[in-house]
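J.: Just so you know, the sequences run in chain order U, Z, A, H and W. 477 is the number of the first residue of the first sequence in the numbering used here; add one for each residue after it. 926 is the number of the first residue of the second sequence in the numbering used here; add one for each residue after it. 121 is the number of the first residue of the third sequence in the numbering used here; add one for each residue after it. 162 is the number of the first residue of the fourth sequence in the numbering used here; add one for each residue after it. 3 is the number of the first residue of the fifth sequence in the numbering used here; add one for each residue after it. Before anything else, here's the structure in question.
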Amino acid sequence: MSEVILRLDNLTMQFGGVTAVDSLSMELNEGEIVALIGPNGAGKTTAFNCITGVYTPTNGAIYLEGRKIIANHPKRRGIKTFGGSNKKFEKDVIIRTPDKITKLGIARTFQNIRLFKDETVFDNVLVAKHMRSRQNVLTAMLRLNFKEEARMRKETKELLEMQDLYRYKDEIAGSLPYGLQRRLEIARALATGPKVLLLDEPAAGMNPNETLELSEFIRDIKEHYGLSVLLIEHHMDFVNQIADRIYVLDFGKLIAEGTPDEISNNPAVIEAYLGVDEDA
Amino acid sequence: MTNKKRIIISSALIVLLFGGLWVMELTMNTASMLFVVLKKGAIYALLVAAINLLQGFTGLFSLGEAGFMLLGAYTFAIFTIPVEMRENIYQYYDGGLVQFTIPVWAALILGGLVAAFFAFLIGFVVLKLKSDYLAIATLGFAEILRAIFQWDKLGVITNGSNILRSFPGFSSVLFPFGVVGLCLAAMMLLINSSYGRAYKAMRDDEIAAEAMGINLFKTKLQAFVISSFFAGIGGGLLAMYQLTVKASTFTAALSDELLLIAVIGGIGSITGSVLASFLYIAANEWWLRFLDQETFIGAFKIPLLRSGFRKVVFSVIIMLIVLFYRRGLMGTREFSITGIYEKITAFIKKKKAAKGGAGK
Amino acid sequence: MLKVNDLIVNYGGIKAVKSISFEVPQGSVVTLIGANGAGKSTTLKAIAGLIKPAGGSIIFNGNDITGKNTTDIVRMGVTLVPEGRRIFPDLTVLENIKIGAYLRRDDLKEDINWVYSIFPRLEERHWQNAGTLSGGEQQMLAVARALMSRPKLMMMDEPSLGLSPIFVKEIFNVINTIRSRGVTILLIEQNAHMALKTADFGYVMDTGEITVSGKGSELAVNENVKKAYLGG
Amino acid sequence: MKKLLSLVLICALALSFASCGGGGKADEKIVYIGVNEPATGESGAGGKQETLGIEYANFVQPTIDIAGETYQVKLVIVDNETDTAKCPSVAQSLVSAGCSVVLGAYGSALCIASGPTFEAAGIPCIGISCTNPQVTLGNSYYFRICFLDTFQGKVLADYAYETLKARNIYCLAELGDDYSVGLVNYFMEEFKALGGNIVANETYPVGNSDYTSYIANAAKLKADCFFAPINIEPAALLIEQSNAQGLAMPLLAGDTWDSNVIAEAAKGTNLNIAFSTFFYSEVNDTTKQFTEGFKKWLKDNPDKLTANGGNDTVAAVSPLGYDSYFVALEAIKAADSKDSKAINDALWNVTYSGVTGSVAFDKNGDVDKDAIFMVGVDTATGAFKFITEQSAAK
Amino acid sequence: MNEFLLMGMAEISGGGFFQAIAGFFQTNLPYILAGISVGGQYALIAIGYTMVYGILRLVNFAHGDVFMTAGLICFYISTVSPLIISLPLTVLFTVALGFTIEKVAYKPLRNAPRTSAMISALGMSYLIQNLALYITGGLSKQYPQIPFISNSVTIWGATTKMVTVVTPILVILLVVALVTLIKYTKIGMAMRSVADDFETSRLMGIKIDNVISMTFIIGTFLASIGSMLYFTNYTAIVPSSGAMPGLKAFVAAVFGGIGSIPGAVIGAFLIGICENIIKGLGWTTFSDAFTFALLIIVLIFMPSGLFGEKKTDKV
């Protein structure tokens, strides 16, 4: 494996008194598929939300290709509350909204599919092209830059064809079967042109067959687009099939990391997943 | 249908529409209420479409439309009142401060720009608020604007709370149709552009839209400013239609009325808004006026009919639509002549095929 | 006591539960285990009347309660401890307990003392706002609240979720206590080991279907169950 | 279903396009007279009373002879809702109904807002109680049969200075109401010219219901007269609240206050109220005769009595409305046609002697009425009492 | 028009501090009294807003119009029966109206998007106003004189109506009663739990619809009491009479923190007093605008108001 593309450094997220993610440090290498697993409420989705800018982490930093893209310091809160400024802390603080993160090249899907349900499949993907489109409101409105529009449409078409979704292009996204919706959501994320793809429980609600298909699909797109993939999943079958490495979270803390084999036999993981077995 | 064909049909229809209006104006009695409906309906179409751009396409619940109309109307009036009339109109303010006029088209656009500028300032403050809070805050801003325009310290510009008049209007129905047509076309183009898709994405799911790289705040602000621009132009046109402008008429009730028309037409359909506007104005100003008149058939007095009944009937209709017919006349679909043309040709083909089949 | 036949539930356009059947005998602890999104919570919600099933029937004590409204079902003696506690944070602990007996009109004193005897910690904090309790205490409160309706059947949705091991143990102790007082329990758990150890009977759910079933102790050592959780 | 409904509505729209080509009622033996009055909103009460005067006149004289033939006179009454924004459409509906001449409206602002529409259609209008000079200024189709605010302001200022011996006056007007803002303005000019002092000139927004702070302001600034030429509805509230706050100074107002609503509100209070008006019923035989006839007509029509506020007090705008109707008939007679243009030309030379004095229009379309009645309220009985007749000559 | 302000200031600068305060109080007493009176009336309307919003997250735009309708109902009933009967009947009919509005206009939209319910509320407000317009024929109606509270009274040199004195007392009594109801009764407990969590409340066997109806009943009950006080002060009722007080009461509810009853009451008193002092300063054009400016400032800087609780939204 080659270089580290995404790195979390001491990421901490607190809500009120609850620490949802506690000093999480992890790495994602280029071209790798890494899974983040753990029981419900372990803080996996919260970690995703921190990476994508939905939440501002309480402490820690996130690096993309070695560049610090998000950083916060707990002392900054004091500054915010009591006023004044402290160059020492402020300098290090980088806060970005989700759209900025997407622009930097991190795309994601959601645990409970968030498609634009009333729009067509084609428009769902096309809208992701908006971010990098080189037109302003006026030229877009007056169709002055029709080449740009044509390019966006062409790329969307290509993408959909690649995903085998083009035949559904005029269907309303909300009316697609569940499996296709998952696929479409991934296709939409791909349309933003990411380097890193974050998948939040992509196999949830799928049967073993569909799960198998999905893992093929994820591998294909990874190869084709040169992606690195970080995914959250419960399905151990699926994770074992697809992941190069696994990180295990429990109560916001990293309790284990390693290859699927290592993880399956890790007693701490068994305890977190199957519960403490006093007799054992 | 090919693109070319579509363009040809559309432009032919537009020419036909304007030609038809022109002929109508030449041949018919222009005092007829029909022309009121056409003029006012066109202006309302623009205003309702502007509110729909926010409510229906961007998911922003704004009740501040009247404020932006006020800005447009006042800007238009202030810059087009003939200089010789100013002494008279600004009688309490020594003829006012502005002592020049600009052409009508420039004043209309300026009105739109002023409204857009204020929308930018206001939007900067309130667009972070969510649904109902946003509605109340925009309503509040509209009321504040109204108070400012009635303030006598600004009387040299706004004539205080007093009426503004004597500015140019329009006599031909072609003028509002032209201006509104242009604005609506621009709106339609916007909605079908990349930006329009971004708006709709934001309406459907803000979080997903943000994950698609759409900057929520910027995009909302943009939609808000554009909608207000059109509301400003609409306000200017309304001033031209009414021939007088007075701040006290731009109330929250006006915004509500426009929003309810948008609901009738279908939230998320521009053509629905246009259709609903014409229907509303026609019914309100013309067809249903009889509901307000005490009417006798012979010696029998028709019950219920008296002043105010028209509005009761209206509000009941609106409630019925809101409760049982939530998508309005058009839902989110757009009415397109080319679409109808396609349907008709398909239908004819089908018939022909069926006939052919039967013949054999 | 509870009989579910060919239950089908659609949730948000997804077939969440695809024709499942199971039984909960009087006085027993039955558990449904399975991965996230397997349809366990949906099943419980359908039994409690929060979601209308699309097909099948639910029989409780011989009465068909399919699609009835929640108030009636609660009145018949079915209660649900929802996932994630869902206590009322703005009510005090005592009020939370009292509201569990909302449908009852008789004197609550005895019952309150009873639940306090099971959860002495709650008595200490009865005047606090429930939102200030720790996660474990909130879970206790949710159970106490459910007990106040004098349920015949108590359904618990992931009571150990997000709790520290100590509390997990305590919760299962409580389950045993409650059962010893004659309440039938239907339990949903991801913490399969603990659940199966406690339960008389277990069903394993996967993507809306019941794949394995058997006695709790048997399932606990079943290789298939282990596989469903940790794979290969 | 939905499609069907849309289709039906579109068809209705299309049908009405087709149906409104003609609209010619040229052969009928009917003259239409438009009545552009507020029946609802702030000026609703006054507008209704004015309309009653016109309706009574129509009851008295329902026909007219034109070119030797007898024509029926029909009133087309519309409600402009006291809303200047509604005026153009309402005015247009009168134009579209084929009215030869239009009477009204009650408020100056409403007249100003309706004026351009009638001017464009070439239909003459006879303003009834709109006293602001702006109404007729620059509009050659607008006439009026009442005195102007410039005159009324002067008379009121004189009255305040000479009779009430007031030196410090507090003025209150409705924001954006051309009538009250204008009258206050003319009043202040005149009063200052007399050497008086204006302690404050405040405005309240439309729809306001709390006047206590204005009353408190007047008291705090030690005014010795409260001048409030405002609409009837707010005036009733003002009177009520002045009484509750124990206002010690006299309340002075303009012509709008001549309404039974005011009399009702003032009944049983300890206030000293005076206002200027167009008409007082006990002046001469003509006025007495009108008052009697009008009261009888009201009593015969319970609907009308309700519209008059439930009792038979005669508001000054009713006889004024009555006169306007006859002025219109005079003009039609003089023109000997129901053509608007001809009527407009004829109006300039019409002279008519009515119950509110004689009418002859000057070059602006205004009348030169030289008398104003000052009337007060007998707070014990709630009846109006005549104070004096002021004339410009003084 | 700063002479008003200057007068107050001059009195402050002269004499001792307490004297100055007393002097300021004395000169501005009429405004403060008017403010307290109208503030109390806003408070009674605001409670209706805050309770409905707390449970349904719905701005019940029609509430102000229900308040106006209460005035009209009282007017019409009192023309045929003595006050002793018409006042209770007014309360009864108003409550019935509030109950019906919820059943007709909001219940069918319980699962619809929030904007639908809000548009329905706007439509309802429009309907009520137009019905009132139709029934009254557009003329304002004179509210009947209620003995005792209509009488004039002199407080510390300022003359006002008895209702000014009665309002704050009555408001405090009603609020104490209401808070007791909500804090210590079963239905109150149910209301609080429904405001917290719909689904779990259902699991407790609580009938959500009944609780919501109860909320509307209490809200309209207080509004009808408020209307008696308000219209005794401002005796003319027109169809739009409820609109402004309604909006201001809503602002008060937001200001106090939506969902909080004491918050709404304090907010209402503050708004009432501020508004009157602003009028006293001669800024009458801006007295309404001030309310909205306050609203916007609160929404932006203090979205949870004075007493509201912060709610973190979940992704």
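Just so you know, even glycine gets a beta-carbon here, dropped at the ideal spot from N, CA and C.
Hey, does Arg1214/Z have any beta-carbon neighbour from chain W nearer than 9 Å?
T.: Not one chain W Cβ lies under 9 Å of Arg1214/Z.
J.: If the criterion is Cβ atoms closer than 9 Å, does the pair Pro110/W and Leu1248/Z meet it?
T.: In contact: Pro110/W and Leu1248/Z (Cβ atoms closer than 9 Å).
J.: Assess contact between the region 170-186 of chain A and the region 256-265 of chain A, defined as three or more Cβ pairs (one per stretch) separated by less than 8 Å. Is contact present?
T.: Cβ pair count under 8 Å is below three, so no.
J.: Just to confirm my understanding: we take Thr52/W, look at its own chain, exclude 5 residues before and 5 after, and list those with CB closer than 8 Å. What are they?
T.: Around Thr52/W: Ala255, Gly258, Ile260, Gly261, Ser262, Ile263, Gly265 and Ala266.
J.: What is the residue span of the alpha helix (DSSP H) that Lys544/U lies within?
T.: No alpha helix (DSSP H) holds Lys544/U; the beta strand (DSSP E) holding it covers Arg543 to Asn548.
J.: So does the region 92-106 of chain W actually touch the region 235-242 of chain W, counting three or more Cβ pairs closer than 8 Å?
T.: At 8 Å Cβ cutoff, the stretches do not touch.
J.: Give the straight-line distance between the Cα atoms of Ser257/H and Leu1064/Z, rounded to the nearest whole angstrom.
T.: Taking the straight line joining both Cα atoms gives about 36 Å.
J.: Against chain Z, with Cβ distances strictly below 9 Å, would Gln611/U count as a contact?
T.: Chain Z, which has a Cβ nearer than 9 Å to the Cβ of Gln611/U, makes this yes.
J.: Closer than 8 Å is the cut-off here; do at least three beta carbon pairs connect the region 1183-1203 of chain Z with the region 1264-1275 of chain Z?
T.: Because the criterion of three Cβ pairs below 8 Å is not met, the region 1183-1203 of chain Z and the region 1264-1275 of chain Z do not touch.
J.: Whole angstroms is fine: what's the gap from Leu614/U's alpha carbon to Ser1119/Z's?
T.: Roughly 11 Å between the two C-alpha positions.
J.: Who are the neighbours of Tyr654/U on chain A, taking C-beta pairs under 7 Å?
T.: Ordered by position in chain A, the residues that pass the 7 Å Cβ test against Tyr654/U are Ile134.
J.: Any Cβ of chain W within less than 9 Å of the Cβ of Pro390/H?
T.: Answer no: the Cβ-Cβ gap between Pro390/H and chain W never drops below 9 Å.
J.: Would a C-beta distance cut-off of 9 Å place Tyr320/H and Ser290/H closer than the cut-off?
T.: Contact: no.
J.: Considering only DSSP beta bridges, list what Glu503/U is partnered with.
T.: Arg483/U, per the DSSP bridge assignment.
J.: Which parts of the region 626-679 of chain U are runs of the alpha helix (DSSP H), unbroken and 4 residues or longer, counting only runs that do not cross its ends?
T.: The region 626-679 of chain U contains these whole alpha helix (DSSP H) runs: 654-667.
J.: Which residues in the same chain as Thr364/H place their Cβ atom closer than 6 Å to its Cβ, once the five residues preceding and following it in sequence are excluded?
T.: Excluding residues within five positions, the ones whose Cβ falls inside 6 Å are Ala334 and Leu336.
J.: What in chain D is Cβ-close to Gln253/H, meaning under 7 Å?
T.: Absent here is chain D; the protein component of the structure consists of chains U, Z, A, H and W.
J.: Gly190/W by DSSP, collapsed to three states: which one?
T.: Reduced to three states, the DSSP call for Gly190/W is helix.
J.: Name the DSSP beta bridge partners of Met276/A, please?
T.: Met276/A pairs with Val201/A and Leu307/A.
J.: DSSP state of Lys428/H, grouped into three classes?
T.: In the structure shown, Lys428/H sits in coil (DSSP, three-state: anything other than H, G, I, E or B).
J.: Could you tell me whether the Cβ of Thr151/A comes closer than 9 Å to any Cβ of chain U?
T.: False, the Cβ-Cβ gap to chain U never drops below 9 Å.
J.: Say whether chain A places a C-beta atom closer than 9 Å to the C-beta of Pro515/U.
T.: Yes, its Cβ sits closer than 9 Å to a Cβ of chain A.
J.: Quick one: which residues of the region 337-359 of chain H get their C-beta closer than 9 Å to a C-beta of chain Z? List them in chain order.
T.: Taking 9 Å as the Cβ-Cβ cut-off against chain Z, the residues of the region 337-359 of chain H that qualify are Gly337, Asp338, Asp339, Val342, Gly343 and Asn346.
J.: According to the Cβ coordinates, are Asn362/H and Cys332/H closer than 9 Å?
T.: Yes, they are a contact pair.
J.: Would you give the residue range spanned by the alpha helix (DSSP H) that Glu394/H belongs to?
T.: Run containing Glu394/H: Ile393 to Ala405, per the alpha helix (DSSP H) assignment.
J.: Comparing the C-beta of Val367/H with each C-beta of chain Z, is any distance below 9 Å?
T.: Cβ-Cβ to chain Z under 9 Å: yes for Val367/H.
J.: Buried or exposed for His65/W, please, with buried defined as at least 16 other CB atoms from any protein chain shown within 10 angstroms of its CB.
T.: Buried: at least 16 other Cβ atoms inside 10 Å.
J.: Using a Cβ-Cβ distance under 9 Å, would Thr202/W count as near chain A?
T.: So yes, Thr202/W belongs to the interface.
J.: Let me confirm a value: His700/U is counted as buried when at least 16 other C-beta atoms fall within 10 Å, else exposed. Which label applies?
T.: Exposed: under 16 other Cβ atoms inside 10 Å.
J.: From this set, Leu635/U, Leu620/U and Asp640/U, which residue's C-alpha is nearest Leu656/U's C-alpha?
T.: Comparing Cα positions, the closest option is Asp640/U.
J.: Output, in sequence order along the chain, the residues in the region 234-260 of chain H whose CB is closer than 7 Å to any CB in chain Z.
T.: Of all residues in the region 234-260 of chain H, Asp240, Asp244, Thr245, Ala246, Pro249, Ser250, Gln253, Ser254, Val256 and Ser257 have a Cβ within less than 7 Å of some Cβ in chain Z.
J.: Taking one C-beta from the region 955-969 of chain Z and one from the region 1138-1153 of chain Z each time, how about it: are there three or more such pairs within less than 8 Å?
T.: These segments do not touch.
J.: Suppose contacts are defined by Cβ-Cβ distances below 9 Å. Is Gly328/A in contact with Val124/A by that definition?
T.: Going by C-beta atoms, Gly328/A is not nearer than 9 Å to Val124/A.
J.: Measuring straight from C-alpha to C-alpha, what distance separates Lys1226/Z and Asp464/H?
T.: Lys1226/Z and Asp464/H: Cα-Cα distance of roughly 13 Å.
J.: Anyone know if the C-beta pair for Ile538/U and Asp575/U falls short of 9 Å?
T.: No, Cβ-Cβ distance for Ile538/U and Asp575/U is not below 9 Å.
J.: For the region 982-1002 of chain Z against the region 1173-1189 of chain Z, are there 3 or more C-beta pairs whose distance is under 8 Å?
T.: Enough Cβ pairs lie closer than 8 Å, so yes.
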